[in-house]
Every structure is written in structure tokens, then in C-alpha cells.
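**Q** Sequential numbering from 16 applies to the sequence shown in the numbering used here.
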Amino acid sequence: MRTSHPCRSLCLGLALLGLVSVTVYADSPLVAGDHIPLTLDTPQNYKGASGDEPEVEWSYRLHHPGATYIALHFVDFDLGPGDYLVVSDDAGTQIYTMSGRGKMDAGTFWARHIKGETALLDLVKVGHEGGRGFIIDEYVAGFLDLSKPGEDRAICGTDDKQNAKCYEDSHPTEYNRGRAVCRLLSNGSGFCTGWLVSAQNHVMTNQHCIGSASQALNTDFDFMGEAPTCGTPCSGCSGTIFSGSTLVQLSYNLDYCLVQISSGNPAAQFGYLEIDNRVAIPGEEMYIIGHPGGRAKEFSIYSTHPNDGGIAKVYSITQPACQGSGYNDVGYYADTEGGSSGSPVLARSSHKVIALHHCANCPNRGVPINLVYAEVAQFLTPGPAGIVALDKQFYGCSDSVGIELRDGDLLGAGTHAVGVTTSAGDAETVVLTETGSGTGIFQGSIGTMAGSIVAGDGWLQVAHGQTITVSYVDADNGQGQQVTVTDTATADCVPPQILSVQTTDVQPRSATVTITANEPVRGVVHYGLSCGALIWTAQGTGYSVNATVNLSGLQDDTTYFYTVEAFDEAGNTTVDPTCRSFTTPEVPDFFTELFTGANDL
């Protein structure tokens, strides 16, 4: 029998006397399987092999018509020395073995699932001592429904999600980042999404997806489960499955769970995603990679929601937290679905993770990744391939250039030097300091200034338009090669030019100010009831040559006065002191009746 969580809906509304109180909850894992009781056991205390050749002691074929996968629950798994259980599908394309006390030596566990409607079991004895055997007390028959439409609360307008294969050629960087994203199957029936976050095979997901050490043990991690073509729906698409993990740390309040896969080395095959340890920027372009509906991997890159205008963007960084308190979620209209919980939200600018998706209600929401990083950074030591990065893409002529270096070969070094140069010829050395004992992460900074070049003075002399480059020599990139690793940014020392200012879409309670500039800017509006009392301030989101600032909470039939300023991505600011004005229209009072005489109704 199919089961569903009684609180699938994220928002419960209580209407009372015209007021609505809304409580928001994080998603539950997508339940996509029937738990079916079964009593199936091998001969208990079976005897050892009679000769030197392997012998099949026991076999069973479990078939469930129409199932998209089979997951088996073992109790008291205990095989003799040298003996092993072979689990496979009918075609022999999926096959794995277990010995001893089974998965992670646990004895009782959910085994790695087999995709399809049939699982074959063969107990092979090799040793002469024999063993106790095992019991299977239940199994799950998966029933992923490819025809089920996305949930209304998570699909923000038109469903713009597409199969991973749709982006393999057109968006190769995004597609390759998706290699580190995996489908989670917990306790045989709960689907979520996770992603590799370190070279040591750490996986990040939500606490409401993996909430205990037992659940970490009983979770499968399915990588590269992708549909074969852009337009093909797929639930059981072949991938590479790693089964079982160790719980490292979790937080209910921030709704994250960090585990470490217990066997194999998926990070060596699929890489890992870096965390962009910063606050997301409203208006910046982003994308989500996950397994909505438990299906093959899908991307949310495009968004036809009116707030996005074609490309998925960060809508807000002040959404109510779905789970926990004391912080705000990142909001976006990129489409998600049940099963997307735990998906990485990546910035298009850096292709690094800026939020951990955990609930839906349009805007969908993610936990700010900088809050999560502060709690898990100690566990995420870098791999041998070094990475050096600047903290911005543009710097002013009186700015601070932040630098971060990650290299697992430098664990415990304490400090490491990098070179910083400009295209005009300045060359400086910056000594970075390790962020903690044995983290392999080094940080530091150097200031910029205008003026003539003085190489080696500890300052970076820059002029507008110059390229800033940071570099260091990675002695071993993990493949025995010495390589030079770099990152670049641009010096922007010229304030933007404000070309025009317009007031548009003036409503009784709101208005929009559009600032047109010669380069992408973010707008700021100072407004009030007179030019001498501009007591309120509103700021736009993102950067655009036509930057908009929305004013809300206005009074109808009221004249407002305002001035504007604009700042570019390097922080250069231009102030337009011109005081402009607009008047909000009056709201007609349709419910007023003037009584002029007796019985005038």
C-alpha cells in the first residue's frame, strides 16, 4: 500500500476574522515505495563447504511486477568466514556481494537497492565453518510515478525543470557540476537529494532527509542516474550506487546533515561541489541540481516566473525559515518538487553552492550555506588538487582583495605564499594563514590603491580596467603533476554614470523607480514627504543597467519626494542629488454612503 506523509503541504493557513496565520515546515522525504512484510530466511546455522570449490547453499528470486526498484531489509545477517551473498538483477547488470555481518558490519540493515522488478539472491559458501545465515523480514517495491505532475506549491508557474542531458552541450560547466549530485534512498522508500562536498566523500543533505546514524547507515547514494536523452522521463536509469554512510554532524535548526560514504571513493569519480562561503545576493543568477520526484537528475536553470524573466535568480534573502529559527532562508522561484530536498543551490557567477534547498512554497527556499559552513568547515578538508580564488570579480582602487587557497597537500602548513600581479606590472607576495589546525584552507588579503607601481611594497597599485591575477604553484594536483593555479578579477575605479531616472508603475500603495546607468548597478532610493525629510530608504536587488527599486507600504493620494544613488559591483557609488517626486493615486472608497435624510438606505 502506498503511504504518504500527512503533512506534505508546506504551509498551513488558519483564517480567523480575516487574518491569516501561516506556519511553514520543511519538506519530508518523498515516499515512493510500498513496505511489504516478508518472512524469508536461509537455513540457520548452515554447514560449511564440503570441498574446495564454492557451493551455492541457498537461492531465491524475488519478483514484484511493475516495481521500479527492490530494496531488501536484512535481520541478523551473519555469514561464515569466506562465505558471501550475491544480490543481482535478472540481466546480471547490477550485482554486489555482502559477507560477514553485512553492510558496514551492522547485522541488521537495508541493503543496496536493485533497480527493476526482480532481485536474485545466492548464498555462496566457501569456508568450511558454516555460519548462522540471515533473515529478510520485509522489502520495498518502488513505484516512482513518472507521469505525476510537479507539486503546485513547488512549481512556480510553468515547470521549467529539465533532464540533465538537456544541458550537457549547451551548459557544460553546469552539467559537470551535476556529476557530484546524487539521489538518496533512505530505509528503502524515502527519496531526497545530496551532493559531495569534499574530496573525502562527505555528502551534504537535509536533516529531514537523514536524521540519525541509523538512517545514514541505511541510505543509498546513487550518482549519475540520468535520463539517456533530454526528453526521456526515467526513474530507474542506471547510475553508480554507494550504499551506507557514517553520520558526521547534523542540525535540526539549520536542517542540514553531513555524512561520509563508508566505502568506495565517489569523489575521485565525480568530484565535489565547493561552498561559496558568503551571503547570497538578491537578483544574482542561480541554478538547482536535484532529483525531483525521485526521478533522474534534473536542472532548474531557466525560470519563466515573472520575477525572474527567463533565468532563475535569487529572489530574497529574508524569507521565513522553514525549519528552526534565528535566521532567514534564501528564496527563489526556480522550480523544485518532492525529492529535491537537499539539492545544492549554486551561483552562476562562481558555480559554487550558496544555499541548501529544503522547502517549497513559491518562493522555494534554502538554508544560507554560510551558516551551514560555519558549523561543518572543520570536517571538510580539501583534496590534493589545489584551488585559489579571489573573493570578488571587481575591485575598486581603494579596496581589499580577499584570497582563499585550498590544498589538501598543505594540511598543517600554517601559512602559504601566493603571488598577486596586475596587468600593468605590479607584483606582490601575500602570505596566507591557515584557518585552523590542519584545515588545508588558507586566507589573506591585500589592499589596492591608485598610483605609480612600487613592486614588493605590500600594496597593489591598480588603475581602471587592469586585470588582477592571483597564482600559486600546486606541487601535486592529485595526479602527480605540478601545475600553476590562478584566478582573475578586474579593477574598476570609475563610478557609474546615471543616465536617467524614471518613476513607473505608481500604485496607491507602491511605486517603482528605475535607474538607467552605463554599467550594471544596484540602485538606492531615499524618500520621504519632503525633499528635506527623506527619512526612508529602499534598495534594489542584483545588478543591471536598468536597476529597479520597489517602494512599498506607501499611502494613497500622497506626494513623495526622493533622490537616488547607484553603486557598481566594485562598490563605486554615484549620487544624484536631484529631488524628484510622484503622487500615489487615491483609493476609491466604494463602501461609503452619505446619509442625507431619514430612512435613506
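Note that the Cβ used here is the ideal one computed from N, Cα and C, for glycine as well. Model, not experiment: these values are computed from the prediction.
1) Grab the span of the beta strand (DSSP E) containing Gln230 for me, first residue to last.
2) If you compare alpha carbons, which of Ala195, Ile316, Asp291 is closest to Phe257?
3) Who does Cys207 pair with in a DSSP beta bridge?
4) Please confirm whether Asn233 and Asn191 have their CB atoms less than 8 Å apart.
5) Thr188 by DSSP, collapsed to three states: which one?
6) Please state whether the Cβ-Cβ distance between Val345 and Val368 is less than 8 Å.
7) Kindly indicate which residue of Gly411, Ser340, Ser415 has the alpha-carbon position closest to the one of Pro383.
8) What are the start and end residues of each continuous beta strand (DSSP E) run of 3 or more residues lying completely inside the stretch 414-450, in chain order?
9) Taking Cβ positions, are Cys171 and Tyr348 nearer each other than 8 Å?
10) With three or more beta-carbon pairs closer than 8 Å as the criterion, would you say the stretch 394-403 touches the stretch 491-501?
11) Going residue by residue through the stretch 481-505, where are the continuous beta strand (DSSP E) segments of at least 3 residues, counting only ones entirely within it?
12) Whose C-beta lies closer than 7 Å to the C-beta of His143 among residues of the same chain, with five residues either side of it excluded?
13) Do Ser227 and Gly48 count as a contact pair if the criterion is CB distance below 8 Å?
14) Determine the direct distance from the alpha carbon of Met119 to that of Ser260, and round the result to whole angstroms.
15) Which residue or residues does DSSP assign as beta-bridge partners of Thr519?
16) When we look at the beta-carbon of Ile530 and count the other beta-carbons within 10 Å, is it buried (16 or more) or exposed?
17) With DSSP collapsed to three states, give me the class of Pro58.
18) Straight-line CA distance for Val46 to Gly324?
19) Whole angstroms is fine: what's the gap from Thr448's alpha carbon to Thr454's?
20) Express the C-alpha separation of Leu87 and Trp125 in angstroms, rounding to a whole number.
21) Please check the pair Phe158 and Gln264, which I expect to be a contact at CB under 8 Å, by giving their CB distance rounded to whole angstroms.
22) Measure the beta-carbon distance from Ala282 to Leu262 and round it to whole angstroms, keeping in mind my assumption that it falls under 8 Å.
23) Between the C-alpha atoms of Ala432 and Asp472, what's the straight-line distance to the nearest angstrom?
24) In angstroms, rounded to a whole number, what distance separates the CA positions of Cys546 and Phe576?
25) For Cys508, which residues does DSSP report across the bridge?
26) Report the partner residues of Thr261 according to the DSSP bridge assignment.
27) Relative to the alpha-carbon of Gln512, which residue among Ala169, Asp583, Cys197 has its alpha-carbon at the smallest distance?
28) Pick from Ser415, Thr83, Asp104, Met113: whose alpha carbon is nearest that of Pro96?
29) Are the beta-carbon atoms belonging to Val274 and Val360 less than 8 Å from one another?
30) Where does Cys181 fall in DSSP's three states?
31) Quick one: what does DSSP say Ile461 is sitting in, helix, strand or coil?
32) Which residue's Cα is closest to the Cα of Pro181: Gly122, Glu241, Ala295?
33) To which residues of the same chain is His320 closer than 6 Å at the C-beta, ignoring the five residues directly before and after it?
34) Would the beta-carbon of Thr333 fall within 8 Å of that of Asn343?
35) Quick check on the burial criterion: 16 or more other C-beta atoms within 10 angstroms. Buried or exposed for Gly440?
**A** Straight from the coordinates:
1) Mapped onto the sequence shown, residue 230 falls at position 215. Element bounds for Gln230: not the beta strand (DSSP E) but the alpha helix (DSSP H), 228-232.
2) As a working note, residue 257 is residue 242 in the sequence shown. Out of Ala195, Ile316, Asp291, Ala195 has the C-alpha closest to the C-alpha of Phe257.
3) As a first step, residue 207 is located in the sequence shown; it is residue number 192 there, counting from the start. BP columns for Cys207 point to Leu199.
4) On the sequence shown, position 218 is the one that residue 233 refers to. On the sequence shown, position 176 is the one that residue 191 refers to. Contact: no.
5) Start at 1 with the first residue of the sequence shown, and residue 188 comes out as number 173. Three-state result, Thr188: helix.
6) Taking the sequence shown and counting its residues from 1, one reaches residue 345 at position 330. Taking the sequence shown and counting its residues from 1, one reaches residue 368 at position 353. Between Val345 and Val368, the C-beta spacing is not below 8 Å.
7) For the purposes of this step, residue 383 is taken as the residue at position 368 of the sequence shown. The candidate whose alpha carbon is nearest that of Pro383 is Ser340.
8) 415-421, 430-437, 442-449
9) Indexing the sequence shown from 1 puts residue 171 at position 156. Indexing the sequence shown from 1 puts residue 348 at position 333. Yes.
10) Contact between the stretch 394-403 and the stretch 491-501 is present: 3 or more CB-CB pairs across the two stretches fall below 8 Å.
11) Fully enclosed beta strand (DSSP E) runs of 3 or longer: 482-489.
12) The residue given as residue 143 occupies position 128 in the sequence shown. Same-chain partners within the cutoff: Gly63, Ala64.
13) Locating residue 48 in the sequence shown gives position 33, where the first residue counts as 1. Locating residue 227 in the sequence shown gives position 212, where the first residue counts as 1. In this structure, Ser227 does not lie closer than 8 Å to Gly48 by Cβ.
14) Residue numbering aside, residue 260 sits at position 245 when the sequence shown is read from its first letter. Residue numbering aside, residue 119 sits at position 104 when the sequence shown is read from its first letter. Going from the Cα of Ser260 to the Cα of Met119 covers about 8 Å.
15) Counting from one through the sequence shown, the residue named residue 519 turns up at place 504. Thr527.
16) Taking the sequence shown and counting its residues from 1, one reaches residue 530 at position 515. By the 10 Å Cβ count, Ile530 comes out buried.
17) For the purposes of this step, residue 58 is taken as the residue at position 43 of the sequence shown. DSSP places Pro58 in coil when its eight states are reduced to three.
18) Position 31 of the sequence shown holds residue 46. Position 309 of the sequence shown holds residue 324. Using only the alpha carbons, I get a separation of about 33 Å.
19) The residue labelled residue 448 in the question sits at position 433 within the sequence shown. The residue labelled residue 454 in the question sits at position 439 within the sequence shown. Each residue's alpha carbon lies about 11 Å from the other.
20) Within the sequence shown, residue 125 is the residue found at index 110, counting from 1. Within the sequence shown, residue 87 is the residue found at index 72, counting from 1. Rounded to the nearest angstrom, the two C-alpha atoms are 6 Å apart.
21) Residue numbering aside, residue 158 sits at position 143 when the sequence shown is read from its first letter. Residue numbering aside, residue 264 sits at position 249 when the sequence shown is read from its first letter. So it is not a contact: roughly 33 Å between Cβ atoms.
22) Here residue 282 refers to the residue found at position 267 when the sequence shown is read from its first residue. Here residue 262 refers to the residue found at position 247 when the sequence shown is read from its first residue. No, Ala282 and Leu262 are not in contact; Cβ-Cβ is about 18 Å, not under 8 Å.
23) Locating residue 432 in the sequence shown gives position 417, counting from the first residue. Locating residue 472 in the sequence shown gives position 457, counting from the first residue. Each residue's alpha carbon lies about 15 Å from the other.
24) For this step, residue 546 is matched to residue 531 along the sequence shown. For this step, residue 576 is matched to residue 561 along the sequence shown. Using only the alpha carbons, I get a separation of about 6 Å.
25) Taking the sequence shown and counting its residues from 1, the one referred to as residue 508 is at position 493. According to DSSP, which records beta bridges pairwise, Cys508 is partnered with nothing at all.
26) As a first step, residue 261 is located in the sequence shown; it is residue number 246 there, counting from the start. DSSP output for Thr261 lists Gln275 as bridge partner(s).
27) Position 497 of the sequence shown, counted from the first residue, corresponds to residue 512. Ranking the options by Cα distance to Gln512, first place goes to Asp583.
28) Stepping through the sequence shown from its first residue, residue 96 is reached at position 81. Nearest option by C-alpha distance: Met113.
29) Taking the sequence shown and counting its residues from 1, the one referred to as residue 274 is at position 259. Taking the sequence shown and counting its residues from 1, the one referred to as residue 360 is at position 345. No, the Cβ-Cβ distance between Val274 and Val360 is not below 8 Å.
30) Position 166 of the sequence shown, counting from 1, holds the residue named residue 181. Helix, per DSSP.
31) Here residue 461 refers to the residue found at position 446 of the sequence shown. Of the three classes helix, strand and coil, the one that applies to Ile461 here is strand, per DSSP.
32) Position 166 of the sequence shown holds residue 181. In the sequence under discussion, the amino acid at residue 181 is Cys, which differs from the Pro named in the question. It is Glu241.
33) In the sequence shown, the residue the question calls residue 320 occupies position 305. These residues qualify, in order along the chain: Cys171, Gly172, Tyr348.
34) Position 318 of the sequence shown holds residue 333. Position 328 of the sequence shown holds residue 343. A distance below 8 Å separates the beta carbons of Thr333 and Asn343.
35) By one-based count along the sequence shown, residue 440 stands at place 425. So Gly440 counts as exposed.
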